[in-house]
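Peer 1:
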Amino acid sequence: MCRRAGPPARGEGSHQAARWGTVGYKKEQEKAIRARAHRSSQGTSPLLLQPTSSSSSPRTMAPVSGTCQARFSAVRTLLQAKIDADEELGASLVVNVGGTNVVDLWGGWGDAAKSTPWGEDTITNVWSSSKTVVSLAALLLIDRGLLDPFEKVATYWPAFGANGKHAVEVRHLLSHSSGVSGWEGPITAQEVCDLAAATERLEAQAPWWTPGTQSGYHSLTMGHLVDGLTRRVAGGKSLAEFVREELAEPLGADFRFGVPQEDYHRVAEIIPPPAPPADWKPPAPPAGVDPATTVVAKTLMNPVMDATVANKDYWRAAVVPAANGFTHARGIGRLLSFVSCKGTVGEKTLLKPETVDLIFKEQTRGPDLVLSSNMVTGIGFGLNGVGVEGGVGHWVPEGQICFWGGWGGSMVICDVGRGVTITYMMNKMSNAGLGSGNAKEYVWEIYRALGVAIPGEEQATKA
């Protein structure tokens, strides 16, 4: 059970944690912007955990700022080292225990030119970490009795049942097992951004495998499908509207799908991952199968996504719920702490404990048809499956843990058994499909501070 959020221990402050539950999203955003402007006018940096030399040039130094309990000081040191070594460009990292942020750090740069420091209110496109909020919204609809995870999608959305999809259940959309992991026929990134038209195409097509039998990562379609479902059960509200009105604003979380132009000044530039080695080749399909017709190709190569799309106006103006959430570690961490805390943080109850328990009802186990690695999926999240190589199985201790991450390295981990939420968002992408080496190192350091052993770390150390 999570303890109620309260004031931090003396000397270990978490000045943000106490105010997030009571200050509205817009007021908090405005306050952060004013504070940054004031600090700039005074020639001082945001609250530094350790002072930097007054002679340091702001163009060459990127000190980590924020708050951090003493026992997590190694986490701050590691983040600073990653930035100094150019293994990170800019990032934010939050650890929430029992509803209170015990680590709330940010640092580095918001652009490749290193001209704009990553500030307290810097947000970035977090790719598929956005899916954790899509799933949270679906869980809230379930909690309110508007959705039944074991009901047919066509019960709520009759047209979706066309072309052999009549047996697809709500839980299949949330566990990447509906068989609708991509679009039949060519589609461009701009067309994906036309939410209504792209969803109509999914509505009409046939599933690519028997629904519910196996996972196949719904890299872009998950958000479109949950949006279509939301519109039919939430009084006509879109998923983006539901998230804004029922989650982000009332909970004081700086999160949105897409981003308005007035916030462009605080959006960090996405830096694409390095090109794969020249000799790299995708996994070969079975003999006699056209590579272009595989589920992998039809999902991940249609459209072919260049990561710099996240810096383009048309992407920022659109709503692509599975992939264009804009936030920082504190914003998304505020929302997902309600999962880690079994639905209640402080005086606010969002979900019933039994709704959170639904996440851990295993839906699929084994090779994912798209990711080509072993995965265990629950309802809305990946699960820490014992003996499964995919996901974060070797990153975290045993226990009731769910997770998801974003292209390039961002990560959300909800350790429900311990009441711990770990959120890490960054702008310099790695080649990792789910998580990254940096994310793993932060997670290990966090669990060390919590005094929890990780079997995977022990094995890696011995190796």
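Residue numbers (this note's numbering): 2 to 464.
Heads up, the beta-carbon is just placed ideally off N, CA and C, and yes, glycines get one too.
Because the structure is a prediction, the values reported are computed rather than measured.
#1: Flag this pair as touching only if the region 330-337 and the region 127-147 have three or more C-beta atom pairs under 8 Å; answer yes or no.
#2: Measuring alpha carbon to alpha carbon, tell me which of 444, 166, 178, 126 ends up nearest residue 1.
#3: Please state whether the Cβ-Cβ distance between residue 428 and residue 311 is less than 7 Å.
#4: From 416, 324, 341, 369, pick the residue whose C-alpha is nearest to that of residue 129; which is it?
#5: So what's residue 321 in DSSP terms, helix, strand or just coil?
#6: The ligand ZN and residue 252: does the residue's C-beta get closer than 6 Å to at least one heavy atom of that ligand?
#7: For residue 314, is the classification buried or exposed, using 16 other Cβ atoms within 10 angstroms of its Cβ as the cut-off for buried?
#8: Starting from the C-beta of residue 167, find all residues in its chain whose C-beta is less than 8 Å away, skip the five residues before and the five after it, and write them out in chain order.
#9: Out of 218, 191, 179, which has the shortest C-alpha to C-alpha gap to residue 206?
#10: Per DSSP, what kind of secondary structure is residue 1 in: helix, strand or coil?
#11: Check this for me: beta carbons of residue 212 and residue 380, under 7 Å apart or not?
#12: Work out the CA separation of residue 229 and residue 239 for me, nearest whole Å.
#13: Determine the burial state of residue 82: buried for a count of at least 16 other Cβ atoms within 10 Å of its Cβ, exposed for fewer.
#14: Hey, how far is the Cα of residue 209 from the Cα of residue 191?
#15: Within 10 angstroms of the Cβ of residue 438, are there 16 or more other Cβ atoms? Answer buried if so, exposed if not.
#16: What's the gap between the Cα of residue 263 and the Cα of residue 255?
#17: Confirm, please, whether the CB-CB distance from residue 106 to residue 94 is below 7 Å.
#18: Would you mind sorting residue 425 into buried or exposed? The rule is 16 or more other CB atoms within 10 Å of its CB.
#19: DSSP three-state label for residue 104, please.
#20: Tell me whether residue 210 sits in a helix, a strand or coil according to DSSP, three-state version.
#21: Alpha carbon to alpha carbon, what distance is there between residue 109 and residue 63?
#22: Of all the options 177, 176, 202, 175, which has the alpha carbon lying nearest to the alpha carbon of residue 186?
#23: List the residues that DSSP assigns as beta-bridge partners of residue 128.
#24: For the region 395-457, list the alpha helix (DSSP H) runs that are entirely contained and at least 4 residues long, ordered along the chain.
#25: Closer than 8 Å by C-beta to residue 78: which residues in its own chain qualify, once you throw out the five before and the five after it? Chain order, please.
#26: For residue 66, which of helix, strand or coil comes out of DSSP?
#27: By Cβ distance below 6 Å, which residues in the same chain neighbour residue 422 in space, the five residues on each side in sequence not counted?
#28: Enumerate in chain order the residues of its own chain whose CB-to-CB distance from residue 274 is below 7 Å, with the five nearest sequence positions on each side excluded.
#29: Closer than 7 Å by C-beta to residue 384: which residues in its own chain qualify, once you throw out the five before and the five after it? Chain order, please.
#30: For the beta strand (DSSP E) that contains residue 93, what are its first and last residues?
#31: Taking residue 244 as the reference, give the member of 320, 355, 382 with the closest Cα.
#32: Could you tell me if residue 67 is buried or exposed, where buried requires 16 or more neighbouring beta carbons within 10 angstroms of its beta carbon?
#33: Given a threshold of 16 other Cβ atoms within 10 Å of its Cβ, counted over all protein chains shown, does residue 170 qualify as buried or as exposed?
#34: Just how far apart, CA to CA, sit residue 346 and residue 354?
#35: From the DSSP output, in three-state form, read off residue 256 for me.
#36: Excluding the five sequence neighbours on either side, which residues of its own chain have a C-beta within less than 7 Å of the C-beta of residue 405, listed in chain order?
Peer 2: A quick look at the data gives this:
#1: With the cut-off at 8 Å, the region 330-337 and the region 127-147 touch.
#2: Shown here, the chain extends from 2 to 464; a query on residue 1 therefore has no answer.
#3: In this structure, residue 311 does not lie closer than 7 Å to residue 428 by Cβ.
#4: That would be 324, whose Cα lies nearest to the Cα of residue 129.
#5: Assignment of residue 321 by DSSP, reduced to helix, strand and coil, places it in the coil class.
#6: Of ligands this structure carries none, so the ligand ZN is not represented either.
#7: When all chains shown are included, residue 314 counts as exposed.
#8: Residues of the same chain with a CB within less than 8 Å of the CB of residue 167, apart from the 5 flanking positions on each side, are 153, 155 in chain order.
#9: Of the candidates 218, 191, 179, the one whose C-alpha sits nearest the C-alpha of residue 206 is 179.
#10: Missing from the structure shown is residue 1; the chain here goes from 2 to 464 and no further.
#11: Residue 212 places its beta carbon 7 Å or farther from that of residue 380.
#12: Those two C-alpha atoms are separated by around 8 Å.
#13: That one is exposed.
#14: Approximately 23 Å between the Cα atoms of the pair.
#15: Classification of residue 438: exposed, given that the 10 Å Cβ count is below 16.
#16: Take the alpha-carbon of residue 263 and the one of residue 255: they are about 14 Å apart.
#17: Contact: yes.
#18: So residue 425 counts as buried.
#19: Residue 104: strand per DSSP, three-state reduction.
#20: Residue state, collapsed to three classes: coil.
#21: Straight-line Cα distance between these residues: approximately 5 Å.
#22: Of all alpha-carbon atoms in 177, 176, 202, 175, the one lying nearest the alpha-carbon of residue 186 is that of 202.
#23: Partner(s): 325.
#24: Complete alpha helix (DSSP H) runs here, min 4: 438-451.
#25: Listed in chain order, the non-local C-beta contacts of residue 78 below 8 Å within the same chain number zero, local neighbours out to five positions each way being set aside.
#26: In the three-state DSSP reduction, residue 66 falls in the strand class (E or B).
#27: Residues of the same chain with a CB within less than 6 Å of the CB of residue 422, apart from the 5 flanking positions on each side, are 97, 334, 337, 338, 341, 415 in chain order.
#28: For residue 274, where only same-chain residues beyond five positions count, the Cβ hits under 7 Å are 308, 409, 430, 431, 432.
#29: Excluding residues up to 5 positions away in sequence, 361, 363, 377, 378, 403 lie with their Cβ nearer than 7 Å to the Cβ of residue 384 in the same chain.
#30: Note, residue 93: beta strand (DSSP E), 91-98.
#31: If we check each option's Cα against that of residue 244, 320 comes out closest.
#32: Classification for residue 67: buried.
#33: Buried, since its Cβ has 16 or more Cβ neighbours within 10 Å.
#34: Rounded to whole angstroms, residue 346 to residue 354 spans 12 Å at the Cα level.
#35: In the three-state reduction of the DSSP assignment, residue 256 falls in the strand class, which pools E and B.
#36: Around residue 405: 129, 130, 132, 133, 382, 383, 413.
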